[in-house]
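See below for the structure under consideration.
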């Protein structure tokens with residue numbers, strides 16, 4: 178197994194990314210190797226300072242990067258030697274089994290679509306994120322930003338992708354899937370949610386439990402929450418503020434601690450032909466380590482194969 182990591186992506190790269198890779202390497206088994214893509218000369222002193230043998234890692238050296246503010250499509254097209262571009266080239270060629278970066282989110286989306294492409298049958302890939310549940314564990318929320326405008330068919334497919342992710346990554350046997358809406362009743366919502374509800378109610382592809390409201394997001398009985406990417410991104414950004422607010426207010430709570438992005442590291446792009454993980458721009462070493470471990474879990478579970486089988 179070879180897990181690719183862009184060590185130049187993120188606000189605190191390459192320090193945070195390399196230190197995260199070092200921590201992940203202590204957890205990975207001997208047959209799981211990290212491939213670090215980026216400036217080798219900047220990474221080596223950090224590895225040596227940690228007392229680690231640099232041969233633990235495989236390097237793909239480049240000094241070129243895609244910055245956060247660059248136009249994703251132009252950057253991917255005009256910068257083939259940038260760390261994100263090289264990562265997707267390696268993924269396309271099968272030289273790595275998964276690729277993750279805390280860099281430009283748009284470039285990660287475009288790169289995945291251009292290189293490994295969407296799984297046949299999937300209309301639009303979705304970005305998924307964790308939602309802490311009240312008692313323990315996490316639910317899955319998608320889409321959280323890949324598709325601001327959606328059609329009912331998209332939401333139906335997000336239900337399938339989220340259900341498979343909950344089942345094979347979190348081990349939920351028959352995940353419950355809910356549609357995020359402004360009311361629980363079938364007739365509530367806008368044209369999109371009304372039409373999506375009709376499709377989801379009739380499907381046998383997942384265990385649909387109906388509409389939920391925003392106040393139900395963290396309930397223990399909900400495994401997957403489906404919404405369009407605009408709504409999902411608003412929810413995600415609001416939820417991200419909960420942990421920082423508890424820190425600022427000076428109180429400690431185990432539920433709100435689980436809103437800390439460091440714990441899960443990154444958000445997978447579901448529906449493409451290889452595991453691709455997008456990390457938070459402010460990722461620290463702990464978040465990078467967990468992003469790598471999520472990549473490992475997606476490879477081990479053969480998640481992409483499960484999606485391909487579901488969409489045949």
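Numbering (this note's numbering), first residue to last: 178 to 489.
Quick reminder that beta carbons are idealized off the backbone N, C-alpha and C, glycines included.
How many Å lie between residue i and residue j at the Cα?
i: residue 229; j: residue 199; result: 8 Å
i: residue 328; j: residue 383; result: 19 Å
i: residue 179; j: residue 205; result: 11 Å
i: residue 478; j: residue 334; result: 20 Å
i: residue 250; j: residue 304; result: 18 Å
i: residue 281; j: residue 448; result: 19 Å
i: residue 265; j: residue 442; result: 19 Å
i: residue 234; j: residue 202; result: 8 Å
i: residue 353; j: residue 241; result: 44 Å
i: residue 468; j: residue 360; result: 34 Å
i: residue 357; j: residue 413; result: 13 Å
i: residue 433; j: residue 422; result: 9 Å
i: residue 186; j: residue 291; result: 19 Å
i: residue 379; j: residue 367; result: 19 Å
i: residue 274; j: residue 396; result: 34 Å
i: residue 317; j: residue 307; result: 5 Å
i: residue 277; j: residue 424; result: 28 Å
i: residue 207; j: residue 214; result: 20 Å
i: residue 319; j: residue 294; result: 19 Å
i: residue 267; j: residue 473; result: 17 Å
i: residue 350; j: residue 255; result: 45 Å
i: residue 346; j: residue 246; result: 32 Å
i: residue 470; j: residue 457; result: 15 Å
i: residue 411; j: residue 430; result: 23 Å
i: residue 194; j: residue 184; result: 5 Å
i: residue 342; j: residue 480; result: 7 Å
i: residue 257; j: residue 475; result: 26 Å
i: residue 438; j: residue 209; result: 24 Å
Only counting the same chain, and skipping five residues up and downstream in sequence, which positions put a Cβ closer than 7 Å to that of residue i?
i: residue 337; result: 382, 383, 487
i: residue 192; result: 223
i: residue 299; result: 334, 448, 488
i: residue 221; result: 231
Which of helix, strand or coil does DSSP assign to residue i?
i: residue 240; result: coil
i: residue 196; result: helix
i: residue 489; result: coil
i: residue 380; result: coil
i: residue 445; result: strand
i: residue 251; result: helix
i: residue 266; result: helix
i: residue 309; result: strand
i: residue 210; result: strand
i: residue 481; result: helix
i: residue 183; result: strand
i: residue 372; result: helix
i: residue 362; result: coil
i: residue 354; result: strand
i: residue 233; result: helix
i: residue 283; result: helix
i: residue 303; result: strand
i: residue 402; result: strand
i: residue 316; result: strand
i: residue 391; result: helix
i: residue 261; result: helix
Taking residue i as part of the alpha helix (DSSP H), name the residues at either end of that continuous run.
i: residue 474; result: 462-477
i: residue 292; result: Looking at the DSSP string, residue 292 is not in any alpha helix (DSSP H), and its letter there is neither H nor E.
i: residue 410; result: 406-426
i: residue 337; result: 329-346
i: residue 224; result: 217-226
i: residue 433; result: 431-434
Please report the residue range of the beta strand (DSSP E) in which residue i lies.
i: residue 278; result: 275-278
i: residue 128; result: Within the shown structure, residues of the chain are numbered from 178 to 489, placing residue 128 beyond reach of any answer.
Run the CB neighbour count on residue i, radius 10 Å, all protein chains shown included, and call it buried at 16 or more, exposed below.
i: residue 287; result: buried
i: residue 289; result: buried
i: residue 451; result: buried
i: residue 392; result: exposed
i: residue 262; result: buried
i: residue 428; result: exposed
i: residue 313; result: exposed
i: residue 418; result: exposed
Take residue i and list the residues in its own chain whose beta-carbon comes closer than 6 Å to its own, dropping the five residues that flank it on each side.
i: residue 340; result: 352, 354, 383, 401
i: residue 445; result: 305, 454
i: residue 259; result: 241, 242, 243
i: residue 238; result: 217
i: residue 212; result: 179, 181, 235, 273
i: residue 332; result: 373, 403
Please work out which residues of its chain come closer than 8 Å, Cβ to Cβ, to residue i, disregarding the five sequence neighbours upstream and downstream, and give them in chain order.
i: residue 196; result: 223, 227, 462, 465
i: residue 387; result: 355, 356, 361, 363, 374, 378
i: residue 189; result: 459, 460, 461
i: residue 330; result: 300, 376
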